[in-house]
Amino acid sequence: MAKKTVRHILGLSGGKDSTALAILLHKEIPEIEYFFCDTHKELPETYEYLDRIKARLGIKIHYLSEKRGFDHWLTIHDGLLPSPQMRWCTVKMKIKPLEDFVGDDEAVSYIGIRADENRDGYISTKPNIKPVFPFKEKGLVKADIIQLLEDSGIGLPDYYRWRSRSGCFFCFFQRKYEWVMLAQEHPDLFQKAVEYESNHKDGRTYTWNQGESLLELLARKDEIIAEHEKAMIKEKKTAPNKTLAEALEEVLDSEDDEQPCFACHL
Numbered sequence: 591m592a593k594k595t596v597r598h599i600l601g602l603s604g605g606k607d608s609t610a611l612a613i614l615l616h617k618e619i620p621e622i623e624y625f626f627c628d629t630h631k632e633l634p635e636t637y638e639y640l641d642r643i644k645a646r647l648g649i650k651i652h653y654l655s656e657k658r659g660f661d662h663w664l665t666i667h668d669g670l671l672p673s674p675q676m677r678w679c680t681v682k683m684k685i686k687p688l689e690d691f692v693g694d695d696e697a698v699s700y701i702g703i704r705a706d707e708n709r710d711g712y713i714s715t716k717p718n719i720k721p722v723f724p725f726k727e728k729g730l731v732k733a734d735i736i737q738l739l740e741d742s743g744i745g746l747p748d749y750y751r752w753r754s755r756s757g758c759f760f761c762f763f764q765r766k767y768e769w770v771m772l773a774q775e776h777p778d779l780f781q782k783a784v785e786y787e788s789n790h791k792d793g794r795t796y797t798w799n800q801g802e803s804l805l806e807l808l809a810r811k812d813e814i815i816a817e818h819e820k821a822m823i824k825e826k827k828t829a830p831n832k833t834l835a836e837a838l839e840e841v842l843d844s845e846d847d848e849q850p851c852f853a854c855h856l
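Basically our numbering = 1-based index in the sequence shown + 590.
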């Protein structure tokens, strides 16, 4: 009986770490299958970045969840917006599509968690999917990831000018400054996010941020931007050699200690 073939898979999120991992492994393991769990609610910059990755590396990316995106699952959940306490979006649009993609095949899943990150774990509990962490194995840290991206010519995604994580344009893990900048960079998408949290037909109201609607948040935009700029100046003084993207990430991460779903944000 022929030995069963083991599949090699790598999920791209549209973020820097999973992209750097693809750069590191695409020649070393040419049989890797790359996939992107498409929620249908990604930033335009994310889709552009994926196109850049495909062109530079000469790889194919499987876009999962093409038929059932966020709006379908929102209806199934009776209009209940996802939240840190109710992350149905990750389960339905990230984990389930991945597990369907793999099926019962034996698979090695390469995950871009760095050696300088104090987190691990895996989004699937299926025993036929084995997680591997090449960055941790090789001792690669954030500076190495940035170098990989620069050397490849792919660089960082454009949204890193104002946002430090990949994911849906309305991700509830966004910080207040990122919401304000979404309104500036993509007013149409911000308005769509406002519509999602507006009153439902039975009178219920949901908000992406606990205790504050997006319109209430936007009304404080000058205050939020001023606080952010003050923190950026302080960060640049503390670490003058950091790039703007690195300083932005440090400042935004200091605003909260909640870990996002790494299925979306690598």
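Backbone N, C-alpha and C fix where the C-beta goes; we use that ideal spot for every residue, glycine too.
Quantities reported herein were computed from a predicted structural model and do not represent experimental measurements.
V841 sits buried, since 16 or more C-beta atoms from the chains shown fall within 10 Å of its C-beta.
The three-state secondary structure of R658, taken from DSSP, is coil. In the DSSP annotation of this structure, V596 is not part of any beta strand (DSSP E), being labelled neither H nor E. Taking the Cα of Y637 as reference, the smallest distance to any Cα among S756, N831, G793 is reached at S756. When DSSP states are grouped into helix, strand and coil, H818 belongs to the helix group. Shortest Cα-Cα distance from A733 to any of E707, D748, R794 involves E707. Taking H630 as reference, the option from L615, L611, S608, S603 with the minimal CA-CA separation is S603.
From the listed residues P620, M676, P717, the smallest Cα separation to H598 is found for P620.
In the structure shown, P721 adopts extended strand secondary structure according to DSSP, grouped into three states.
In the structure shown, L730 falls within a coil segment according to DSSP collapsed to helix, strand and coil. Excluding its 5 nearest sequence neighbours in each direction, S742 has C-beta neighbours in its own chain below 7 Å: I613, R646, listed in chain order. Looking at the backbone, the Cα of L805 and that of I814 are separated by about 13 Å. With 16 or more neighbouring CB atoms inside 10 Å of its own CB, G601 falls in the buried class. The alpha-carbon separation between L772 and S754 amounts to approximately 12 Å.
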